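Novice: The structure follows.
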Amino acid sequence: MLRKAICAFLILVPLASQLEAKVTKAVFGEMPDGTKVEIYTLEEGALKARIMTYGARVVSLEVPDRGGKVADVVLGYDNLAGYTADHKSYFGSVVGRYGNRIAKAQFSLDGQTYHLPANDGPNTLHGGLVGFDSLVWQAHEIPNGVEMTLVSKDGDQGFPGTLTSHVRYTLEAHALKIDYTASTDKDTVLNLTNHSYFNLAGEGNGDILGHLVMIPADRFTPVDSTLIPTGELAPVAGTPLDFHKATAIGARINDDNEQLKLGKGYDHNYVLNGKIGMLQKAAQVTDPTSGRVLTVETTQPGVQFYSGNFLDGTLHGKHGHIYARRTGFCLETQHFPDSPNHPKFPTSELKPGQTYHYTTIFRFSTAP
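Residue numbering for the sequence shown is 12 to 379, as defined by my numbering.
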């Protein structure tokens with residue numbers, strides 16, 4: 012019996028070790044002030060992710076296709092200089108304090124009005140002029156991944172409270188899992204998300220118009236001419252924003268529809284049907300050519316589907332690839348845009364003693 016137990020142990024040990032992601036660290040570059048930017052490489056089988064401390068960014072994500080051929084499926088740059096020079100795309104970054112838009116660069120909380128930098132017309136986008144995407148986070152290795160930490164002081168970009176944020180990236184079960192936690196010493200608002208641009212055919216390998224998208228949401232938040240929600244939760248039924256059935260991104264993107272014209276394509280927040288805080292499917296995207304499938308799960312109440320409408324061919328990304336219009340898509344799990352100015356939206360307020368905690372999973376598989 013002892014011999015059987017030892018044999019069982021010897022068999023189980025290598026099997027268990029295969030479930031653990033390998034994590035390595037290197038220097039990716041240096042900021043103008045001399046601050047070193049580190050990059051962590053996470054490997055689990057054929058899945059490989061590289062995460063750097065500048066903006067807590069996903070730099071690359073290598074995924075096999077149906078034939079086992081691996082390709083990097085996120086847009087970005089070969090070096091740190093590419094990222095620091097690009098102030099409009101947010102490739103792979105964690106955006107904050109408030110991801111997406113806040114109307115007229117202001118909001119009221121506890122009877123006080125807070126004024127933020129306007130960096131998107133009259134509005135604040137992704138936290139302001141110097142958002143979390145433009146800062147170097149502190150990092151350390153954790154099982155199967157890396158944890159990034161950033162302390163944002165009271166008044167940073169106009170937001171109240173000293174905020175401590177943690178973002179954990181781990182590779183588990185052929186998926187990239189992102190856990191967000193944060194705490195504050197003063198009432199504030201918060202909306203952290205990841206801004207990776209995906210192309211499941213491989214970054215730089217054409218547009219994403221043939222990708223099939225499924226979003227199991229009955230409603231979305233219509234926007235005005237500055238892409239701020241009107242406050243309505245409108246049904247997707249009967250509109251080109253209905254993705255209950257898997258549909259090619261390009262099938263209806265140029266339809267004569269006011270919302271598509273305002274967003275210059277898809278740039279809309281979908282209201283997920285499930286309960287906030289419970290993990291649910293937010294979207295599924297398939298590239299018919301490669302067979303790669305991305306399934307997004309989240310505990311957030313919404314997901315922003317963005318079809319890369321503002322990529323304009325002026326950016327030269329990895330390997331010199333030109334990122335033209337609609338060569339990448341984003342699925343940003345989130346609270347709704349401009350929630351601080353819409354009391355009927357799920358609250359984005361965070362108070363002292365509370366812990367902000369949300370999870371998003373980017374799960375990869377293949378279709379025949």
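Cβ atoms here follow ideal geometry from the backbone N, Cα and C, with glycine treated the same way.
Only a predicted model underlies this, so the values are computations on that prediction, with no experimental measurement involved.
With distances taken Cα to Cα, identify the nearest neighbour of ILE226 among GLY285, HIS177, GLY242.
Specialist: Translated into the one-based positions of the sequence shown, residue 226 becomes position 215. Answer by Cα proximity: GLY285.
Novice: Answer with buried or exposed for GLN123, where buried requires no fewer than 16 other C-beta atoms within 10 angstroms of its C-beta.
Specialist: Along the sequence shown, read from residue 1 onward, the residue named residue 123 stands at position 112. Under this definition GLN123 is an exposed residue.
Novice: Given this structure, state the Cα-to-Cα distance separating LYS329 from LYS355, to the nearest angstrom.
Specialist: For the purposes of this step, residue 329 is taken as residue 318 along the sequence shown, with counting starting at 1. For the purposes of this step, residue 355 is taken as residue 344 along the sequence shown, with counting starting at 1. Taking the straight line joining both Cα atoms gives about 42 Å.
Novice: Where does ALA257 sit, in a helix, a strand or coil, going by DSSP?
Specialist: Mapped onto the sequence shown, residue 257 falls at position 246. In this structure, ALA257 counts as coil in the three-state DSSP scheme.
Novice: Nearest-angstrom Cα distance between LEU342 and HIS151?
Specialist: Numbered from its first residue, the sequence shown carries residue 342 at position 331. Numbered from its first residue, the sequence shown carries residue 151 at position 140. Their Cα atoms are separated by approximately 27 Å.
Novice: Using the Cα positions of GLY79 and ALA378, report the straight-line distance between them to the nearest angstrom.
Specialist: For the purposes of this step, residue 79 is taken as residue 68 along the sequence shown, with counting starting at 1. For the purposes of this step, residue 378 is taken as residue 367 along the sequence shown, with counting starting at 1. Straight-line Cα distance between these residues: approximately 12 Å.
Novice: By how many angstroms is the C-alpha of GLY276 removed from the C-alpha of GLY132?
Specialist: Numbered from its first residue, the sequence shown carries residue 132 at position 121. Numbered from its first residue, the sequence shown carries residue 276 at position 265. So the alpha carbons of these two residues sit roughly 19 Å apart.
Novice: So, at 6 Å on beta carbons, what are the nonlocal neighbours of LYS188 in its own chain, with the 5 sequence-adjacent residues on each side left out?
Specialist: As a first step, residue 188 must be located in the sequence shown, where it is residue number 177. Counting only Cβ-Cβ distances below 6 Å, and skipping sequence neighbours, we find THR181, ILE372.
Novice: Look up LEU72 in the DSSP assignment and say whether it is helix, strand or coil.
Specialist: Translated into the one-based positions of the sequence shown, residue 72 becomes position 61. Strand, per DSSP.
Novice: In three-state DSSP terms, what is GLN270?
Specialist: On the sequence shown, residue 270 is found 259 positions in, with the first residue counted as 1. Helix at GLN270.
Novice: According to DSSP, is ASN134 part of a helix, a strand, or is it coil?
Specialist: For the purposes of this step, residue 134 is identified with residue 123 of the sequence shown, where counting begins at 1. Three-state DSSP puts ASN134 in a strand.
Novice: What does GLY302 pair with, by DSSP beta-bridge criteria?
Specialist: Indexing the sequence shown from 1 puts residue 302 at position 291. Paired residue(s): none; GLY302 is not in a bridge.
Novice: Taking the straight line between their C-alpha atoms, what separation do you get for LYS322 and ASN265?
Specialist: Here the question's residue 322 lines up with position 311 in the sequence shown. Here the question's residue 265 lines up with position 254 in the sequence shown. A quick correction: the sequence has Leu, not Lys, at residue 322. Whole-angstrom Cα-Cα distance: 16 Å.
Novice: Leaving out five residues on either side along the sequence, give the residues of the same chain with a beta carbon under 6 Å from the beta carbon of GLY40.
Specialist: Sequence index remark: in the sequence shown, residue 40 carries index 29 (1-based). Only VAL48, LEU91 meet the Cβ criterion.
Novice: Could you check whether the Cβ of TYR208 sits closer than 6 Å to any heavy atom belonging to the ligand FAD?
Specialist: For the ligand FAD, the structure offers nothing, since it holds no ligand at all.
Novice: Please state whether DSSP places LYS11 in a helix, a strand or coil.
Specialist: No information on residue 11 is available, as it lies outside the stretch 12 to 379 that the chain covers here.
Novice: Could you check which residue in GLY107, GLY221, THR204 has the C-alpha nearest to that of GLY169?
Specialist: If you number the sequence shown from 1, residue 169 lands on position 158. Residue GLY107 is the option with its Cα nearest to GLY169.
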